[in-house]
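> Mind having a look at this structure? Questions to follow.
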Amino acid sequence: MDLLLLQLLNGLVSGAFYALLALGLALILSLTRIINLAHGGFLVVGAYLGYVLSGTLGFYWALLLAPLGLALLAVALEATLLRPLYHRDPLESLLLTFGLALVLEETVRILFGPVGVPFRIPEALGSPLFPGTSFFFLTRYRAFVIAIALLVGILVFCLLRYTRLGLYLRAGAQDRETLSALGTDVRQLSTLAFALGAYLAGLAGVLAAGQLGLSPTMGTGLLMPSFVALILGGVGSLGGSYLGGLLVGMATGLAGQFAATASEFAIYVILALVLLVRPRGLFGQEGFFE
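Numbering of the sequence shown is given in numbering that gives the first Met the number 0, commencing with residue 0 and proceeding in unit increments.
Quick look at the structure:
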């Protein structure tokens with residue numbers, strides 16, 4: 000039972016990373032209709048930016064400032080590279096974000112080297128939350144990651160549900176053309192959604208670095224499960240994407256209980272089942288791309 004709880008906890012921590020990434024992907028996709036293959040690269044840049052800042056300002060300031068710095072970078076990239084492609088063939092933006100992902104990863108490799116480096120977290124977060132018990136594997140850092148992911152999910156929900164800005168974002172996700180005809184600058188909303196999505200990727204990157212360590216390819220391993228979470232929760236559903244990330248993480252954690260290689264295999268089984276049984280996902284919108 001303890002081993003099962005350990006695998007479930009590991010899956011929940013991974014699910015926190017997937018949930019943040021999937022929520023960012025859903026925000027960008029809902030407003031821009033761009034499938035952002037560079038999202039994993041954003042995570043890597045955010046993680047290494049946190050690594051640089053933590054060496055001078057400390058972990059908590061790095062956790063706060065690194066995602067903001069990444070969001071500013073994302074705004075610049077969106078304005079210069081992606082905005083001209085919004086009304087063109089979606090394949091062009093897909094290829095562009097794929098190339099951008101390679102550029103970001105290679106830039107990190109040039110600046111910091113191809114070998115992974117450890118990311119130091121405060122000693123207080125590295126200790127068990129319940130020392131001397133059978134739950135010794137629950138460290139303060141794991142609890143911190145789960146708490147941050149839940150808090151961010153609640154804050155994003157409150158932003159979208161109870162603020163005027165959230166109303167505009169939800170309206171833009173439903174019908175951009177009508178919202179634009181009513182006088183709203185949809186381009187600014189798209190930029191804001193892109194920045195918020197990048198912020199979530201940077202936050203996930205700093206948190207993941209403290210758990211998994213730093214490497215230039217870390218974004219690749221986290222991006223695919225996040226896309227599965229996006230499909231599982233439903234394209235066009237922000238809450239569904241977030242919930243899908245948590246479900247994918249726990250499913251892969253439980254699968255790892257039975258075989259070490261089953262975790263990755265479970266991701267593709269989940270993807271295949273969702274596409275066969277309910278292609279639009281649990282809470283997705285039918286005809287989202289029409």
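Just so you know, even glycine gets a beta-carbon here, dropped at the ideal spot from N, CA and C.
Keeping to the same chain, check which residues put their C-beta closer than 7 Å to that of G286; ignore five residues upstream and five downstream.
At G286, the pLDDT of 45 sits below 50, so the modelled position is not reliable; the number obtained from the coordinates is stated separately. Same-chain partners within the cutoff: there are none.
> If you drop the 5 nearest sequence neighbours on each side, which residues of the same chain put their C-beta closer than 6 Å to that of A37?
So the list reads T96, L99 and A100, once near-sequence residues are dropped.
> To which residues of the same chain is G125 closer than 8 Å at the C-beta, ignoring the five residues directly before and after it?
Within the same chain, G125 has close Cβ partners T138, R139 and Y140.
> Could you tell me which residues DSSP pairs with T138 in its beta bridges?
Bridge partners of T138: P127.
> Suppose contacts are defined by Cβ-Cβ distances below 8 Å. Is G10 in contact with L222 by that definition?
Cβ distance not < 8 Å, so G10 and L222 don't count as in contact.
> Given a threshold of 16 other Cβ atoms within 10 Å of its Cβ, counted over all protein chains shown, does T31 qualify as buried or as exposed?
Burial call: buried.
> State yes or no: is the C-beta of V205 within less than 8 Å of the C-beta of P66?
Yes, they are a contact pair.
> What is the rounded straight-line gap between the Cα of F143 and the Cα of G182?
Cα to Cα, the separation comes out at about 42 Å.
> What are the residues that DSSP puts in a beta bridge with V116?
Answer is L213, bridged to V116.
> Which whole runs of the alpha helix (DSSP H) in the region 173-204 are 4 residues long or more, in chain order?
Those alpha helix (DSSP H) runs which fall completely within the region 173-204 and span 4+ residues are 175-180.
> What is the DSSP secondary structure of S236, counted as helix, strand or coil?
Note: S236 maps to coil in three-state DSSP.
> Tell me which same chain residues have a C-beta within less than 7 Å of the C-beta of L242, skipping the five on either side of it?
Result list for L242: G232, in chain order.
> Nearest to A148 by CA position, among R169, S189, Y198 and I27, is which residue?
Ranking R169, S189, Y198 and I27 by Cα distance to A148 puts Y198 first.
> Under a three-way DSSP split, which group does L7 fall into?
If DSSP states are grouped into helix, strand and coil, L7 belongs with the helices.
> Assuming G40 is part of the alpha helix (DSSP H), what are its boundary residues?
Per DSSP, G40 belongs to the alpha helix (DSSP H) from H38 to L56.
> Put F282 into one of helix, strand or coil per three-state DSSP.
Three-state DSSP puts F282 in coil, outside helix and strand.
> Does the Cβ of G172 have 16 or more other Cβ atoms within 10 Å, making it buried, or fewer, making it exposed?
A quick correction: the sequence has Ala, not Gly, at residue 172. Classification of A172: buried, given that the 10 Å Cβ count is 16 or more.
> Please return the same chain residues whose Cβ sits closer than 6 Å to the Cβ of S92, not counting the five positions on each side in sequence.
Cβ within range, chain order: I33 and L84.
> Taking contact to mean 3 or more Cβ pairs, one atom from each stretch, closer than 8 Å, check whether the region 100-119 and the region 206-220 are in contact.
Contact between the region 100-119 and the region 206-220 is present, because at least three Cβ pairs lie under 8 Å.
> Is it true that the CB of L237 sits closer than 8 Å to the CB of L159?
Yes, they are a contact pair.
> Only counting the same chain, and skipping five residues up and downstream in sequence, which positions put a Cβ closer than 8 Å to that of R169?
The answer, listed in chain order, is L159.
> Which residue from E77, V43 and E176 puts its Cα closest to that of F111?
Per the Cα distances, V43.
> With DSSP as the reference, label R163 as helix, strand or coil.
R163 falls in the helix class under three-state DSSP.
> Counting Cβ pairs, one atom from each stretch, are 3 or more of them under 8 Å apart for the region 56-74 and the region 185-199?
With a cut-off of 8 Å, the region 185-199 and the region 56-74 count as touching, because enough Cβ pairs lie within range.
> Exposed or buried, V268, counting other C-beta atoms within 10 Å across all chains shown (16 or more means buried)?
Result: exposed.
> Rounded to the nearest angstrom, what separates T79 and L5 at their Cα positions?
Distance between the alpha carbons of T79 and L5 is about 45 Å.
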